[in-house]
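Here's the structure we're looking at; comments come further down.
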Amino acid sequence: MSINTNINNLLIKNYLIGDLYFNALGNTDYSSYALNFNIKNNNNVILESEGTVIAINEKPNFDIDLSLNNFNISFIEKIGERSLENINSSLSGRINLWGSTDNIQHNGELLLDNTSFKIPYLNIDYTIEKESIISLYNQNIQLNNISILHPETNTSGLLNGIVSHSDFKNWNIDLDFVSDRIYILNKLINDNELYYGKAFLKGEISLTGPTNQVSIDIDGATERGTFITIPRNQNLSVENYSFIQFIDFNKYSQNFLNSKSLLKSKVQELSPFVLNCFRHDPLISKILKRP
Numbered sequence: 116m117s118i119n120t121n122i123n124n125l126l127i128k129n130y131l132i133g134d135l136y137f138n139a140l141g142n143t144d145y146s147s148y149a150l151n152f153n154i155k156n157n158n159n160v161i162l163e164s165e166g167t168v169i170a171i172n173e174k175p176n177f178d179i180d181l182s183l184n185n186f187n188i189s190f191i192e193k194i195g196e197r198s199l200e201n202i203n204s205s206l207s208g209r210i211n212l213w214g215s216t217d218n219i220q221h222n223g224e225l226l227l228d229n230t231s232f233k234i235p236y237l238n239i240d241y242t243i244e245k246e247s248i249i250s251l252y253n254q255n256i257q258l259n260n261i262s263i264l265h266p267e268t269n270t271s272g273l274l275n276g277i278v279s280h281s282d283f284k285n286w287n288i289d290l291d292f293v294s295d296r297i298y299i300l301n302k303l304i305n306d307n308e309l310y311y312g313k314a315f316l317k318g319e320i321s322l323t324g325p326t327n328q329v330s331i332d333i334d335g336a337t338e339r340g341t342f343i344t345i346p347r348n349q350n351l352s353v354e355n356y357s358f359i360q361f362i363d364f365n366k367y368s369q370n371f372l373n374s375k376s377l378l379k380s381k382v383q384e385l386s387p388f389v390l391n392c393f394r395h396d397p398l399i400s401k402i403l404k405r406p
């Protein structure tokens, strides 16, 4: 059995990928098939592949080598409901995909280029340094010293850790980010927001858990340029806000350590903050500002 076909203007989620050319040669007696295909975009081969598929049971096994050349993955769009979105990147490198259809494994290295993404919770767009390399093994994606940049503020940091998945579903992250100064918050004034303003951080950020419920732990100090406003009415003090907890940093309470809040932070240095109050009709706003 042999198959030769092509699909012009292949789309994924309304993103134009290119023209797909597919060939397969099979031995039906042994349920074994040899595959090769490639995708061209503007006459440039952006993906080449060859391998085998053995379908002797209900869960076919495969072993396929992929070669990518500036393959655009903008069609991913987002990871998690509120974790990452506006994902753009061109990938180059070689990957081997193998295993059964319900237990996909991968090995190889990929080079990232023109990579950017947005973290909605922070309302900030970041970029990744050109020609950064990520490693793939089993169902893990390893990041080693990936430089994350915010060009508008000329701030950056290094990212290390693992992103894992189960058959490209149920994504989990275990990442550590370290910076001398990084733009970390850009909340706009909104009636539904508990706080707004801008923040810069020096220190370490750990992100762990499933991508639809990421736990963010911060151990660091606020940096120059930080300006956070907490709107409140005249009858409430800052302690009345449930998302603010005052603790002894040298002795965490067990309740705090066990809390499931999205953001837990240990800010070691707030001074020299200037604390101001001003009338913001009809609210009084509490300002934390660092020059």
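All you need for the working numbering is the position in the sequence shown, starting with 1, plus 115.
For glycine and all other residues, C-beta sits at the position ideal for the given N, C-alpha and C.
Q. Taking the alpha-carbon positions, what's the S207 to I132 distance?
A. 15 Å
Q: Assign I127 to one of three DSSP states: helix, strand, or coil.
A: strand
Q: Counting only the same chain and skipping the five closest in sequence on each side, list residues whose C-beta sits under 7 Å from that of L135.
A: The answer, listed in chain order, is N121, I122, L125, F152, I154.
Q: Check whether the Cβ atoms of N176 and V160 lie closer than 8 Å to each other.
A: no
Q: Could you tell me whether the Cβ atoms of V293 and W286 are closer together than 8 Å?
A: The Cβ atoms of V293 and W286 do not sit closer than 8 Å to each other.
(Q) Check for me: the beta strand (DSSP E) holding G223 runs from which residue to which? (A) 218–234
Q) What is the DSSP secondary structure of I299, reduced to helix, strand or coil? A) strand
(Q) Is it buried or exposed, S204, if we count other Cβ atoms within 10 angstroms and call 16 or more buried? (A) buried
**Q.** Assumed close pair Y252, N222 - CB separation to whole angstroms, cut-off 8 Å
**A.** 5 Å
Q. Quick one: Cα of T167 to Cα of H280, how far?
A. 24 Å
Q. Hey, how far is the Cα of S368 from the Cα of I299?
A. Low local confidence applies: a pLDDT of 47 at S368 is under 50, so the model's placement there is unreliable, with the coordinate-based value given in what follows. If you take the alpha carbons of S368 and I299, they lie about 26 Å apart.
Q: Have a look at L303 and I219 and give me their C-alpha separation to the nearest angstrom.
A: 42 Å
Q: Out of S271, T344, K317, state which residue places its alpha-carbon closest to the alpha-carbon of N305.
A: A check of alpha carbon separations from N305 across S271, T344, K317 identifies T344 as the nearest.
Q) Going straight from the alpha carbon of L199 to that of A336, what length do you get? A) 25 Å
**Q.** Beta-carbon proximity check, K243 vs T230, cutoff 8 Å
**A.** Per the sequence presented here, residue 243 reads as Ile, with Lys not at that position. The answer is yes: Cβ separation under 8 Å.
**Q.** Sequence-distant residues of the same chain with beta carbon closer than 6 Å to N156, five excluded per side
**A.** G133
Q: Count the other CB atoms, across all protein chains shown, that sit within 10 Å of the CB of R339; report buried if there are 16 or more and exposed otherwise.
A: exposed
Q. Among the residues of its own chain, which have a CB less than 6 Å from the CB of S330, if the five just before and after it don't count?
A. T323, G324
**Q.** Identity of the residue in G312, D295, D217 nearest E173 by Cα
**A.** D217
Q | Complete beta strand (DSSP E) runs within the stretch 248–317 (minimum length 3 residues, chain order) | A | DSSP runs (the beta strand (DSSP E)) wholly in the stretch 248–317: 255–265, 270–281, 284–302.
Q: From the DSSP output, in three-state form, read off S189 for me.
A: helix
Q.
Within 8 Å of any Cβ in chain E, is that where the Cβ of Y236 sits?
A. In the displayed structure, chain E is absent; only one protein chain is listed.
Q: May I ask you to report which of helix, strand or coil DSSP gives S117?
A: strand
**Q.** CA-to-CA distance, S321 to N80, given in whole angstroms
**A.** The requested residue 80 is not part of the displayed model; the chain covers only 116 to 406.
**Q.** Simplified DSSP assignment, three categories, for K375
**A.** The predicted position of K375 is uncertain, since its pLDDT is 41 and thus under 50; a value taken from the coordinates is nonetheless stated next. In this structure, K375 counts as coil in the three-state DSSP scheme.
Q. With a CB to CB cut of under 6 Å and the five nearest residues on each side skipped, what residues in its chain are close to S146?
A. A170, I171
Q. Which residue's Cα is closest to the Cα of Y241: S250, P266, L225, K317?
A. P266
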